[in-house]
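The next block holds one structure in the form of structure tokens; read it before the comments.
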Amino acid sequence: ENEGEQESRPPVVTVMGHVDHGKTKLLDAIRHTNIVDGEAGGITQHIGAYQVHVEHAGTDRAVTFIDTPGHEAFTAMRARGANVTDIVVLVVAANDGVMPQTIEALNHAKAAGAPVVVAVNKTDLPEANPDKVRQQLTEYGLVAEEYGGETMFVNVAAKPRIGIDNLLEAIILTNDAALDLKAPVKGNAQGVAIEAHLDRGRGPVASVLVQKGTLRVGDSIVAGGAHGRVRAMLDESGNRIKEATPSRPVQVQGLTAVPSAGDVFLAADDDRTVRQIAEQRQARRRAAQQAARAGRTTLENFM
Ligand code: GTP
Ligand code: NA
Ligand code: MG
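With the first letter of the sequence shown counted as 1, position 123 gets the number 621 in UniProt numbering; the numbers rise by one all the way through.
Have a look at this one:
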């Protein structure tokens, strides 16, 4: 249905790691923002997506970052995060070392077949031991380049913003060496809902990642069992934009209901088509729920 010519697209980089190892702080350093201080209890509750521009060898390179929560209650969200991921940045605090969610995140990366760049964080702390992190991860098959392996480890300190350029360079090098990412830019958009919530003033708001085609204001879309027409699109800074191409994360307003993280979204030519798809999906879900209640095993179908 999407037959446009393939064009290269920016990498989608998911930042994963143990709780409080500095994932959001690292993204703050990359984006020159301060999200961490605004988080309740300093804990990330939602998956957030941001696109940044990196200067590399005299060219402008876009990179999309997805921030994930480290708390173990968010395992399912992290697992879905890995499905849209091209590269995983595994954040390990050098004062704490490898922890249970570090390994869980690494397993998601392996399952997704995504190359891993390790950000060894908090190297500003006196008790930091970045070499120990390298040794620990060797046991899990991530061998640092300087130890004769193939994984790039970069020492950073997100809080004082040290080593950030080296990390971005490692991401671009990994992309260029290991990946050849392409997607059609023409045609109806397709992608994944990253996060969604009900806003008191704006109604259902969904952060979506466009994976194929171009999403435009006015498009009829379906996301999970929700449908509607794109009334407005905002970028990660809250600026209104008119269209979004592959690997671009955007906030969409105009859905009639709140989709779930991980729901596939698609744009179609008219309202009737998206309403029919949404109704089919709702019916499938109701049937799955009934089957689950009846005691049968079901697999929720996210695709
Ligand atoms: P969750 O999303 O809750 O899993 O945490 P996170 O991995 O996003 O960690 P976050 O960015 O919230 O940072 C946790 C704490 O570590 C905060 O108090 C940060 O200020 C601090 N921190 C992060 N990076 C550094 C660093 O490089 N050095 C020092 N000293 N502190 C840091
Ligand atoms: Na935190
Ligand atoms: Mg966080």
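Note that the Cβ used here is the ideal one computed from N, Cα and C, for glycine as well.
Any residues whose CB sits closer than 7 Å to a heavy atom of the ligand NA? List them in chain order? 517, 518, 522, 534, 537, 540, 541, 542 and 568
Item checked: Simplified DSSP assignment, three categories, for residue 640 -> The residue you call residue 640 lines up with position 142 of the sequence shown. Here residue 640 sits in coil by DSSP.
- Query: With residue 619 and residue 642 assumed to form a contact (beta carbons below 8 Å), what rounded beta-carbon distance in angstroms separates them?
  - Reply: As a working mapping, residue 619 is identified with position 121 in the sequence shown. As a working mapping, residue 642 is identified with position 144 in the sequence shown. Wrong, their Cβ atoms sit about 15 Å apart, outside the cutoff.
**Prompt:** How would you label residue 753, buried or exposed, when you count the other beta carbons within 10 angstroms and need 16 or more for buried?
**Reply:** As a first step, residue 753 is located in the sequence shown; it is residue number 255 there, counting from the start. Buried.
Check your understanding: According to the neighbour-count rule (16 or more other Cβ atoms, all chains shown, within 10 Å of its Cβ), is residue 658 buried or exposed?
Key -> Translated into the one-based positions of the sequence shown, residue 658 becomes position 160. Burial is judged here by how many other beta carbons sit within 10 angstroms of a residue's own beta carbon; residue 658 has fewer than 16 and is exposed.
Please confirm whether any heavy atom of the ligand GTP lies closer than 7 Å to the CB of residue 594.
-> For the purposes of this step, residue 594 is taken as the residue at position 96 of the sequence shown. Residue 594: no, Cβ never under 7 Å from the ligand GTP.
### Task
Say yes only if the C-beta of residue 526 is nearer than 7 Å to one or more non-hydrogen atoms of the ligand MG, and no if none qualify.
Here residue 526 refers to the residue found at position 28 when the sequence shown is read from its first residue. Residue 526 Cβ: outside cutoff for every heavy atom of the ligand MG.
Q.
Measuring only the C-alpha atoms, how far is residue 545 from residue 746?
A. Taking the first residue of the sequence shown as position 1, residue 545 is located at position 47. Taking the first residue of the sequence shown as position 1, residue 746 is located at position 248. Residue 545 and residue 746: Cα-Cα distance of roughly 15 Å.
What would DSSP say about residue 653, mapped onto helix, strand or coil? Locating residue 653 in the sequence shown gives position 155, where the first residue counts as 1. Of the three classes helix, strand and coil, the one that applies to residue 653 here is strand, per DSSP.
Check your understanding: Nearest to residue 751 by CA position, among 721, 613, 594 and 779, is which residue?
Key -> Walking along the sequence shown from the start, residue 751 turns up at place 253. Looking at 721, 613, 594 and 779, the one whose alpha-carbon comes closest to that of residue 751 is 721.
**OP:** Could you tell me whether the segment 500-519 touches the segment 552-572, where touching means 3 or more Cβ pairs closer than 8 Å?
**Re:** yes
- Query: the ligand GTP heavy atoms versus the CB of residue 520: any closer than 7 Å?
  - Reply: The residue you call residue 520 lines up with position 22 of the sequence shown. For the ligand GTP, at least one heavy atom lies less than 7 Å from the Cβ of residue 520.
When DSSP labels each residue in this structure, what does residue 543 get in the three-state scheme? Taking the sequence shown and counting its residues from 1, one reaches residue 543 at position 45. Residue 543 falls in the coil class under three-state DSSP.
Does DSSP classify residue 797 as helix, strand or coil? Here residue 797 is taken as the residue at index 299 of the sequence shown, counted from 1. Low confidence applies to residue 797: its pLDDT is 39, below 50, so where it sits in the model is not reliable, and the reading given next is rough at best. Of the three classes helix, strand and coil, the one that applies to residue 797 here is coil, per DSSP.
TODO: Just confirm the distance between the C-beta atoms of residue 606 and residue 568, as a whole number of angstroms; I'd bet it's less than 8 Å.
DONE: Along the sequence shown, read from residue 1 onward, the residue named residue 606 stands at position 108. Along the sequence shown, read from residue 1 onward, the residue named residue 568 stands at position 70. Not a contact, Cβ separation roughly 12 Å.
**Prompt:** Is residue 620 helix, strand or coil when you go by DSSP?
**Reply:** Within the sequence shown, the letter at position 122 stands for residue 620. For residue 620, the secondary structure class from DSSP, reduced to helix, strand or coil, is coil.
- Task: Could you pull out every residue in the same chain whose Cβ sits closer than 8 Å to the Cβ of residue 688, ignoring the five residues on either side in sequence?
- Result: Locating residue 688 in the sequence shown gives position 190, counting from the first residue. Here the set comprises 500, 708, 709, 710, 711, 762, 763, 764 and 765.
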